[in-house]
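Numbered by mature numbering (1 follows the signal peptide of the UniProt record, and there is no 0), the letters in the sequence shown go through residues -21 to -1, 1 to 328 in order.
A virtual CB, placed ideally from N, CA and C, is assigned to each residue, including glycine.
Note that this is a predicted model, so its numbers are computed, not measured.
To start, the structure under review is shown below, and the notes come after it.
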Amino acid sequence: MITGLALIFRLLIGRCSLVFGASIVQDRDLSEYSPSQSSTSKQLSCSHRLCDMGPNCKNPKQSCPYSINYYTESTSSSGLLVEDIIHLASGGDDTLNTSVKAPVIIGCGMKQSGGYLDGVAPDGLLGLGLQEISVPSFLAQAGLIQNSFSMCFNEDDSGRIFFGDQGPATQQSAPFLKLNGNYTTYIVGVEVCCVGTSCLKQSSFSALVDSGTSFTFLPDDVFEMIAEEFDTQVNASRSSFEGYSWKYCYKTSSQDLPKIPSLRLIFPQNNSFMVQNPVFMIYGIQGVIGFCLAIQPADGDIGTIGRKYAHSCLWKMPLVIKSSACSLGVLYLNGTLCREFHDGISGGL
């Protein structure tokens, strides 16, 4: 989940960009980070405790390799790990302007495939996962923050991240689930899905919360139940729009927009997340010409909750990740408050 972040537990970098990601060479300055030009960079050896591929090395003193397969098909990054110092500063009131330094592990990619070659994440991915090698874990180990952080995204995909934020006690929350016996990524369990006032039986599923994915994908059987109930409640004619892959789309106009049922995901202990308008609006020359249910079917048993539910955006709300408590929290705020939620943290190497 997490940030634009994809839900990976390592920092990936093509040519070692400033924000630690699989950087694709483009025709603009991305302030790429180069270990050879940093006086504080150190190669991570195969004998280092955080080198997962260490047992495969011929020599324990050689540089530690990494290889990551992302959730998107055929998308991967591989290269070498280095350690360097990250400098973080508050972006808020100048009178409170302070900076801190902390070590982080950076993956310098030598080989990318799939979406990374198509320009995805050109300035990198920030590793915010649950494992010890992630940025929040390193900051917590250094005693700089609690092992948690919050994020908030707006409709234009801009947003804020606040390391160490615990969130208020009143927020809705959901525990993370283990994958193959371990807490390796941000998976939550949805017990019931409700469309409008109708809660659907046998609609439980597990989902990866991933800010690197724009929209939401649900297991096929759950998707069909939700879509059919949505279709029953919407007073509009089914249609299709060229260039849009949504399965359930409807004709409408700005003057004749029907009432759109909400979608509610209920987590354990009756905590829930409400999507008021789970649709993607279609615009023509004269304005709104239709809308589509902004959910797609997914293969397999695990879905993906992306950062956008079209007009209703999951990431409009500050989302708090508490690694120490293995839980996710969502605080309901409007878009304006979201933009003002935190001044954010800026960083550099």
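Per DSSP, which one or two residues make a beta bridge with residue i?
{"i": "N48", "result": "S55"}
{"i": "K230", "result": "G269"}
{"i": "I284", "result": "V188"}
{"i": "Q16", "result": "Beta-bridge pairing links Q16 to no other residue."}
{"i": "I261", "result": "G269"}
{"i": "L96", "result": "Paired residue(s): none; L96 is not in a bridge."}
{"i": "P276", "result": "L197"}
{"i": "C172", "result": "L179, L244"}
{"i": "K37", "result": "For K37, which the question treats as bridged, DSSP gives no partner whatsoever."}
{"i": "N161", "result": "L158"}
Assign residue i to buried or exposed, taking buried as 16 or more other Cβ atoms, counted over all protein chains shown, within 10 Å of its Cβ.
{"i": "Q181", "result": "exposed"}
{"i": "I264", "result": "exposed"}
{"i": "P44", "result": "buried"}
{"i": "D6", "result": "Residue placement at D6 cannot be trusted, given a pLDDT of 43 that sits under 50; the coordinates are not used to answer."}
{"i": "P257", "result": "buried"}
{"i": "Y223", "result": "exposed"}
{"i": "P240", "result": "buried"}
{"i": "E207", "result": "exposed"}
{"i": "D97", "result": "exposed"}
{"i": "Y262", "result": "exposed"}
{"i": "L244", "result": "buried"}
{"i": "A81", "result": "buried"}
{"i": "residue 331", "result": "Absent from the structure is residue 331, since the part of the chain shown begins at -21 and ends at 328."}
{"i": "L293", "result": "Legend: pLDDT at L293 = 40, less than 50; position of this residue unreliable, value from coordinates given subsequently. By the neighbour-count rule (16 or more Cβ atoms within 10 Å), L293 is buried."}
{"i": "T272", "result": "Note on identity: in this sequence residue 272 is Leu, with Thr being the wrong assignment. So L272 counts as buried."}
{"i": "G266", "result": "exposed"}
{"i": "D235", "result": "exposed"}
{"i": "Y288", "result": "The predicted model places Y288 with a pLDDT of 48, which falls under 50 and marks its position as unreliable; any figure quoted below should be read in that light. Result: buried."}
Quick one: residues in its chain with C-beta nearer than 6 angstroms to the C-beta of residue i, no 5 flanking neighbours on either side, listed in chain order?
{"i": "V83", "result": "I65, V114, F117"}
{"i": "K40", "result": "S24"}
{"i": "A121", "result": "A81"}
{"i": "S20", "result": "P14, V61, D63"}
{"i": "Q275", "result": "F196"}
{"i": "N48", "result": "S55"}
{"i": "S46", "result": "S57"}
{"i": "I268", "result": "I261"}
{"i": "A215", "result": "Y229, T231, P237"}
{"i": "S26", "result": "P39"}
{"i": "G33", "result": "C25"}
{"i": "V4", "result": "With a pLDDT of 34 at V4, under the threshold of 50, the modelled position of this residue cannot be trusted, and the question is left open."}
{"i": "W225", "result": "C271"}
{"i": "G143", "result": "I124, Q125"}
Starting from the C-beta of residue i, find all residues in its chain whose C-beta is less than 8 angstroms away, skip the five residues before and the five after it, and write them out in chain order.
{"i": "T74", "result": "Note on T74: pLDDT 48, under 50, position unreliable in the model; no value is reported."}
{"i": "L23", "result": "L29, C30, S42, C43, L59, L60, V61, E62, I84"}
Ignore the nearest five residues each way along the sequence and tell me which others in residue i's own chain have a CB closer than 7 angstroms to its CB.
{"i": "L156", "result": "I166, V167, G168, S185"}
{"i": "S53", "result": "S92, G93"}
{"i": "D210", "result": "Y227"}
{"i": "G285", "result": "D189, T192, S193, F194, T195"}
{"i": "L123", "result": "V79, A81"}
{"i": "E170", "result": "S183, I245, F246, P247"}
{"i": "Q212", "result": "V174, G175, P240"}
{"i": "T(-19)", "result": "Residue placement at T(-19) cannot be trusted, given a pLDDT of 36 that sits under 50; what the coordinates show is reported in the next sentence. Counting only Cβ-Cβ distances below 7 angstroms, and skipping sequence neighbours, we find L105, L107, M130, I140, S190."}
{"i": "M253", "result": "S241, R243"}
{"i": "S177", "result": "E208"}
{"i": "G119", "result": "The sequence shown places Ala at residue 119, not Gly. The residues are Q125, N126."}
{"i": "S251", "result": "Q151, R243, L244, I245"}
{"i": "F259", "result": "W225, F270, C271, A273, A289"}
For chain C, is any of its Cβ atoms less than 9 angstroms away from the one on residue i?
{"i": "F202", "result": "Looking at the structure shown, chain C is missing, and only one protein chain is on hand."}
Original post:
If you pair each beta-carbon of the stretch 216 to 235 with each one of the stretch 176 to 189, do three or more pairs fall below 8 angstroms?
Top reply: no
**OP:** Decide if the stretch 156 to 166 is in contact with the stretch 223 to 234; the criterion is three or more beta carbon pairs, one per stretch, under 8 angstroms apart.
**Re:** no
**OP:** Could you pull out every unbroken beta strand (DSSP E) segment of at least 3 residues lying fully inside the stretch 103 to 153, listed in chain order?
**Re:** 127 to 132, 138 to 142
Original post:
Between the stretch 195 to 202 and the stretch 264 to 284, do at least 3 Cβ pairs fall closer than 8 angstroms?
Top reply: yes
Original post:
What residue ranges within the stretch 186 to 253 form continuous beta strand (DSSP E) runs of no fewer than 3 residues, ordered along the chain?
Top reply: 195 to 198, 228 to 230, 242 to 245
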